[in-house]
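There are 4 protein chains.
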Amino acid sequence: MVEERLAALPTPDDLEVARLGEARIPSPLRGSGTRFVDDTNKVLACSEAGEAESRRGRGESLPAFEAAGPRSDLFFDPDTTGCGIVTCGGLCPGLNDVIRSLFMTARHQYDVRRILGFRYGYAGLSSKNSYAEPLFLETETVGRAHRLGGTLLGSSRGAQDPNEMVDTLVAWKIGALFVVGGDGTLRGASRLCGEIERRGLKISVIAVPKTIDNDLMWTQRTFGLSTAVEAAQLPIAAAHNEAKGAWNGVGLVKLMGRHAGFIAANATLASGDVNYCLVPEVPFSLGGEGGFLSTLERRLKKRRHAVVVVAEGAGQDLVEHSAGAETDASGNVRLRDIGIFLKERIEGHLTSRQMDHTVKYIDPSYTIRSLPANSMDSAFCQVLGQHAVHAAMAGRTDMMVGFWNHRFTHVPLHLAVASRKELDPHGEIWQRVVQTTGQPADMMG
Amino acid sequence: MVEERLAALPTPDDLEVARLGEARIPSPLRGSGTRFVDDTNKVLACSEAGEAESRRGRGESLPAFEAAGPRSDLFFDPDTTGCGIVTCGGLCPGLNDVIRSLFMTARHQYDVRRILGFRYGYAGLSSKNSYAEPLFLETETVGRAHRLGGTLLGSSRGAQDPNEMVDTLVAWKIGALFVVGGDGTLRGASRLCGEIERRGLKISVIAVPKTIDNDLMWTQRTFGLSTAVEAAQLPIAAAHNEAKGAWNGVGLVKLMGRHAGFIAANATLASGDVNYCLVPEVPFSLGGEGGFLSTLERRLKKRRHAVVVVAEGAGQDLVEHSAGAETDASGNVRLRDIGIFLKERIEGHLTSRQMDHTVKYIDPSYTIRSLPANSMDSAFCQVLGQHAVHAAMAGRTDMMVGFWNHRFTHVPLHLAVASRKELDPHGEIWQRVVQTTGQPADMMG
Amino acid sequence: MVEERLAALPTPDDLEVARLGEARIPSPLRGSGTRFVDDTNKVLACSEAGEAESRRGRGESLPAFEAAGPRSDLFFDPDTTGCGIVTCGGLCPGLNDVIRSLFMTARHQYDVRRILGFRYGYAGLSSKNSYAEPLFLETETVGRAHRLGGTLLGSSRGAQDPNEMVDTLVAWKIGALFVVGGDGTLRGASRLCGEIERRGLKISVIAVPKTIDNDLMWTQRTFGLSTAVEAAQLPIAAAHNEAKGAWNGVGLVKLMGRHAGFIAANATLASGDVNYCLVPEVPFSLGGEGGFLSTLERRLKKRRHAVVVVAEGAGQDLVEHSAGAETDASGNVRLRDIGIFLKERIEGHLTSRQMDHTVKYIDPSYTIRSLPANSMDSAFCQVLGQHAVHAAMAGRTDMMVGFWNHRFTHVPLHLAVASRKELDPHGEIWQRVVQTTGQPADMMG
Amino acid sequence: MVEERLAALPTPDDLEVARLGEARIPSPLRGSGTRFVDDTNKVLACSEAGEAESRRGRGESLPAFEAAGPRSDLFFDPDTTGCGIVTCGGLCPGLNDVIRSLFMTARHQYDVRRILGFRYGYAGLSSKNSYAEPLFLETETVGRAHRLGGTLLGSSRGAQDPNEMVDTLVAWKIGALFVVGGDGTLRGASRLCGEIERRGLKISVIAVPKTIDNDLMWTQRTFGLSTAVEAAQLPIAAAHNEAKGAWNGVGLVKLMGRHAGFIAANATLASGDVNYCLVPEVPFSLGGEGGFLSTLERRLKKRRHAVVVVAEGAGQDLVEHSAGAETDASGNVRLRDIGIFLKERIEGHLTSRQMDHTVKYIDPSYTIRSLPANSMDSAFCQVLGQHAVHAAMAGRTDMMVGFWNHRFTHVPLHLAVASRKELDPHGEIWQRVVQTTGQPADMMG
């Protein structure tokens, strides 16, 4: 919904997708009525006519993504190529749908015989770990998995030694590795590709982007967001009921969103019961006449209740970092819990004002992340998985499958992790949030 | 489901319900086809034939509850009697259904003109509070409230001075007060009745029992339990997905149940994914070969994941009380959070065993308590409200509406609060929990 | 909720449960901490104190059901006894829960080795049918089945030759057959018992009552009703939206209930959007000033929309039977579709009055019947299954498991099918329906 | 998901949006931090780089849609302009969200004072109708409406005399009319614009496209589809349970889709339980060795059950039209019910093969159409409503708001109704459907 702040347009060079070599093997899909995608088929990175015309005026070619889709000629021989799948990072609705689609496409369209699921994230590719051996995937294992949440392969956070990971891939004779994960995982995949290339191996690494926060650049949609926004309605309604049920009642809900407020903003719009929505992209202060606490106090005096939605990454400047920022196993900066922090500050403020109050804090994160995908996310995951397999078989590597201007695309990994997608504080959606909640556009005190 | 440990049978005297005076006013329901209940209509407290026959052998009469229902003669003249409604304590699915039913019955069946909703629990009856004035309830206010969770009147915890409360009732000319609340609230209602009687006033106080935990004696069912058990399935499934998604993953869910494990036990049975269910009625130890932690460790080594459901009142002997037990505003002993305590202990234990692990802790309490009632709870609430009004108009007081042996009854308040209903650790349901989870019957180390 | 019109109290003789012989084999549950139920343990059929006292006055003993539960001594040796399970009639939420509980109890509590599931109802017991052979049930087959609706064994309507059925049981060496079904199925089970006895065989037949309509006498609750009432809210809300969305819009929903309006009445109470509720127990006429059509017309003129809920068995006197009532394969009288009939009549009437109108008819039957059980139904099914196995192993036969006065009971089949449980048109629930809908108490024209 | 068969690219002329006159009034949004959209801001109709480059090579300009969004200068003075809203055709999830957004934007962003809701579709604009007077909309009326399904204004099918409709608009002093509806409604809006222009009036008519079938050209998404696909899962699961519960059980579900199979195809993909998906775009025959009936017969013999999903417009060539095609009030060709037709044909075929069978037919249409929008549809509706108001205030007319290449656009009505969007039988999604179901790609017998 045209809500994101985009990075500067990439150059045509940025958009070049790496290939392992020439594609010379006829696809087994020939003859099935499949319409193949030509390598020259591209999707414009920019759909604004003005930008296009002005580049044309300057004689520049228009930056465009390679279109995803089945190719008539393959690099890999499906008969002899092994495939691997690994899921990394936190749970996200749709993981099993992606695994299932990767498997189904490789097995039933390309007749790949050996498809392995590495267990518990990158740890399952590390030789140092005594973790379970990979699963040999079969239709029985993955057929119904999409009805359940979680990931049937298990997951873990954190990077592993690329060297060891390549050893594992070689040992299991893997030609194409499918990596499902977010920002940190994609960086890891990129390093893995570096090591593969250094050794002169022909192993394709294709990423399926997974971020429930929807904060990956150069894909306009990621799976799980739609499910998460729907699922956030229940805790918001709970917060509303708790708030209205008490004198000066405050219902506080923390939603996912480390760097981007897409879930919080969309959930706020869909709810209609939220009075304050706090996101990482829009700074606010606590103290001062125009700050959040005084604003909240005034509302309570008038309405006696308030509902606050806060993205987990909001107000991190307010939460005093311990000296030397901590990072988690994936290398993400560990955030202090803004929810608990806000709860304490609100209670402190209202107590100092001698206002009886009740603050109820709800953190639904795990309950949301572990859900099965809703239907539209589920269907979206299925296509992502198919395009990932098409790309790998055709010999692409070091890329992820994106969705751009209503089409599926190939996006080089270095481009995908070069910047983050964020909510535009001057864009449509944030203006709508401000109007819907009635919160001040500026709460900087 | 015959799961509770009952107190000793009450004596017939215990079952006598207090009356404000003789009922001489013809009910306005006459002529509407209503079938009235006779005062001699009683419901046996014990449905076991053996007990009945043996009492009969000893020439004793059988203890029986007064049956609830409309009476042909009233004590109060609906034309001139004001009614009050107050909801106390934490949220529970069905509160608005009860308010609605009390209102609808008083207004549309008995034509009571003045029906007031006191705001924010007993605090709204205290003169010291500057809380909002009572609401004058009308069909528009309460008509659709049952579709939403929470309580439209607001609530609060804690007792207030009975003297002030009577002053408020007198000031607002209330003849019948309907109190919706749990154990602590019922004790408060009883004290209020004492003060009313001391002053020689004719004010009826009728309670509708509210305990999502289902721990009130002499009623076999309370509203909200069914909704809560259903709603607990989502966080349990989440815990299961989180647990299976990690190496030595533990999903830990805390459910309601301060003194009784009915929600935890029923939710465990309905789920099928729970490996350990911990309730207040069944003690367990943490350490020792047969204790919970070693038991869990063994399972993780074998299965690599586990789901634990713990009732909030379980294992309170393990959680070190601070010297001098704290109580909350309602006089309930404040429990230390067993969920956080267990999470820390599990993590500590697994770390000491050098086992990589992930423990995800989910506390869905507010999200469950604030839900609208499901259909069966909703219909149950409607009947409770009707019987409360019937009882008040007929001049009963100092009682609550119960459900016993498939019939609605009048239960004196002193009897209702004399003991608590608990899960029977030797009863059917607990045996089924042990079989379903596969947990050891005894985890006392 | 004290809503049913009970048949006359049975005599103590009616309540005698058939036994195959003396129980002399020690139960394998001994030593497990199980609390056994004594054969003298009985549940009073009547919980009204007055009835009890008056019988006592006359020196009569009180009619009481045998209590369900595990016995310390068995008739069957679990080691050598084969068990069979069969599900009959239409789908009902909870069927798989019952199958699972029967299996789990027989296998994991009694260590029964051979447990067979006969396929597609009684047809699977008939030698004439070429239907699939029985399934040998194992934990893998039934473990997760309760999460899905339907029946994993398949079902069918209609009786089969008892002679052939006994032959099949003998051929498969079945000692205990568990039959899950309604009225017609129970009659079939009774005939089967007759044939077994005639041959002098020792085969137990235990029924688990299945009627989503809740119309079986001598059990106060049947599984599926609670799920059905909840699920009916969606089509009722749809009818309401369709009705309000059109000029003189009528939303018409047909709900289950061939002979009893429990689902329609409870769904109406839980909804609050229904304006007319039509059930089999309360006759109405179409024509005439006070009949349904004129009543509806008057409402439309005032409010421009109406929501009608009709139980499938309502108004059958109005629907002209074709000469010689048809019956379906189970011997149930085939009802003409009251929903389509009413839709046509309403449209005809409004057209004759020259009133523009839109009638939307919704028949959600299959969507409701096929649902998985909600949590409370699921837990209820689990207990029913356990008690059925306990009863069979102890040598009971020709009986069903009932639920009466908050306890589980043994009910002789002849008693269960002697009369039907119906809504009491003068009882509480119907009075509440009339008040909630605002419909005339009498629509006999 | 790149699934539609697009019409030929429009010419730049086709994309020209009609204007009522020069925009000279400063927008009240100035100074609020709103980022205005410039009239030169355009969105490329084609995101394929090759097409763009080749047009560039030929020196042609690229066809592009006018971008939607707030303009800094308005044609209408909000102070004196009245707005009207009308909803037409069948129910669709999100109608109330659109009404609410139109109202909220006009009232709270532009301070429009008079906002009228015309009742019951175009009928409410016809002088011949005695239908209710328009509602004067206020925040109280529309504030919570989005939580409910249906349309708070009512709707109707069918065209009305444009002359009378203009009279009504003039009589009520309407400057901007917002029309929410599908293909037929849009044609009606276009005729209305013709009459307005003929009279030289300055009345803007802006459409918000409503088609749950998603079959409108030049908008890649329409509201309600996502909700419908999700809601279709329940009846499909029911059909699956019914099918598996019977010997040769067939579960048959009819889903929306008169001309386009988007709902059926997406619901099939999301379900995984569907064995045959039939859509209007892909013809099939019933008889013959390779026809549907023989294909189904073979599956039943092997698997004993089957689930069939059929879009309402599928196989219309098979359903014998009565001589002279009928049309409904909106001018849509009235389709014979393919669901009932298929049910009869399947039953006939299996009977002729002497195969016992059970066919259960489910038509969930009204239950789906009347739902409230899910969160993502709800948020989408909100933006559509905002852009419609922005367009009207800026003086655009005879257009609808579209969504194209991830941006909101202005689409001339004549272009929108010139062709229909359909599923591409050679596109990705249909190929996935064939793979997922395992049905033959060709069932033409």
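Protein chains in written order, with this note's numbering: chain A, 2 to 446; chain B, 2 to 446; chain C, 2 to 446; chain D, 2 to 446. Glycine included, C-beta positions come from ideal geometry on N, C-alpha and C.
How is residue i classed by DSSP in three states: helix, strand or coil?
{"i": "A189 (chain B)", "result": "The question names Ala, yet the displayed sequence has Gly at residue 189 (chain B). It is helical."}
{"i": "D74 (chain C)", "result": "strand"}
{"i": "S295 (chain C)", "result": "helix"}
{"i": "S205 (chain C)", "result": "strand"}
{"i": "L10 (chain B)", "result": "coil"}
{"i": "Y123 (chain A)", "result": "helix"}
{"i": "P441 (chain A)", "result": "coil"}
{"i": "D184 (chain A)", "result": "helix"}
Would a check of beta-carbon distances place residue i closer than 7 Å to chain E?
{"i": "A307 (chain A)", "result": "The chain inventory of the structure shown lacks chain E, comprising the protein chains A, B, C and D."}
Roughly how many whole angstroms lie between the Cα atoms of residue i and residue j?
{"i": "R6 (chain B)", "j": "N42 (chain C)", "result": "17 Å"}
{"i": "M257 (chain B)", "j": "G314 (chain C)", "result": "42 Å"}
{"i": "E139 (chain B)", "j": "P236 (chain C)", "result": "29 Å"}
{"i": "A239 (chain A)", "j": "A395 (chain B)", "result": "38 Å"}
{"i": "R470 (chain B)", "j": "D80 (chain B)", "result": "It is not possible to answer for residue 470 (chain B), since the shown part of chain B is limited to 2 through 446."}
{"i": "D338 (chain A)", "j": "E282 (chain A)", "result": "17 Å"}
{"i": "R192 (chain A)", "j": "P163 (chain A)", "result": "7 Å"}
{"i": "L343 (chain D)", "j": "L301 (chain D)", "result": "16 Å"}
{"i": "T359 (chain A)", "j": "V251 (chain A)", "result": "6 Å"}
{"i": "V181 (chain C)", "j": "V206 (chain C)", "result": "11 Å"}
Sorted by chain position, which residues of the same chain lie with C-beta nearer than 6 Å to residue i's C-beta, five sequence neighbours on each side aside?
{"i": "R101 (chain D)", "result": "V143, A146 and H147"}
{"i": "S286 (chain A)", "result": "G292, M445 and G446"}
{"i": "P365 (chain C)", "result": "P236"}
{"i": "M356 (chain C)", "result": "N249"}
{"i": "E423 (chain B)", "result": "R6, A261 and E282"}
Starting from the C-beta of residue i, find all residues in its chain whose C-beta is less than 7 Å away, skip the five residues before and the five after it, and write them out in chain order.
{"i": "T463 (chain C)", "result": "Residue coverage of chain C in this structure runs from 2 to 446, which leaves residue 463 (chain C) outside it and unanswerable."}
{"i": "G91 (chain D)", "result": "R370"}
Entirely enclosed beta strand (DSSP E) segments - the stretch 14-47 of chain C, minimum 3 residues: Within the stretch 14-47 of chain C, the runs of beta strand (DSSP E) at least 3 residues long that lie entirely inside it are, in chain order, 43-45.
Where the stretch 346-372 of chain D meets chain C: residues whose CB sits under 7 Å from a CB there: Result list: K361, I363, P365, Y367, T368 and S371.
Residues of the stretch 258-271 of chain A with Cβ closer than 8 Å to any Cβ of chain D, in chain order: Within the stretch 258-271 of chain A, the residues whose Cβ lies closer than 8 Å to some Cβ of chain D are N267, A268, L270 and A271, listed in chain order.
Selection of the stretch 270-289 of chain B by Cβ proximity to chain C, strictly under 9 Å: Of all residues in the stretch 270-289 of chain B, only L270, A271, S272 and G273 come within less than 9 Å of chain C when Cβ atoms are compared, listed by chain position.
Cβ-based contacts, 8 Å cut-off: residues of the stretch 76-110 of chain D near chain A: Of all residues in the stretch 76-110 of chain D, M105, H109 and Q110 have a Cβ within less than 8 Å of some Cβ in chain A.
Within the stretch 82-114 of chain D, ranges of the alpha helix (DSSP H) (whole runs, at least 4 residues): Segments of the alpha helix (DSSP H) lying fully in the stretch 82-114 of chain D: 96-105.
Against chain B: residues of the stretch 206-239 of chain A by CB proximity under 8 Å: Residues are counted here when their Cβ sits less than 8 Å from a Cβ of chain B; for the stretch 206-239 of chain A these are L235, P236, A238 and A239, given in chain order.
Selection of the stretch 32-48 of chain B by Cβ proximity to chain C, strictly under 7 Å: Per Cβ criterion, the list reads G34, T35, R36, T41, N42, K43, V44, L45 and S48.
Every unbroken beta strand (DSSP E) within the stretch 362-418 of chain A, with a cutoff of 3 residues, ordered by chain: Counting whole runs of 3 or more residues, the stretch 362-418 of chain A contains the beta strand (DSSP E) stretches 400-405 and 408-413.
Those runs of the alpha helix (DSSP H) which lie wholly inside the stretch 218-275 of chain A and span at least 4 residues: Fully enclosed alpha helix (DSSP H) runs of no fewer than 4 residues occupy 226-232, 234-245 and 263-272 of the stretch 218-275 of chain A, in order along the chain.
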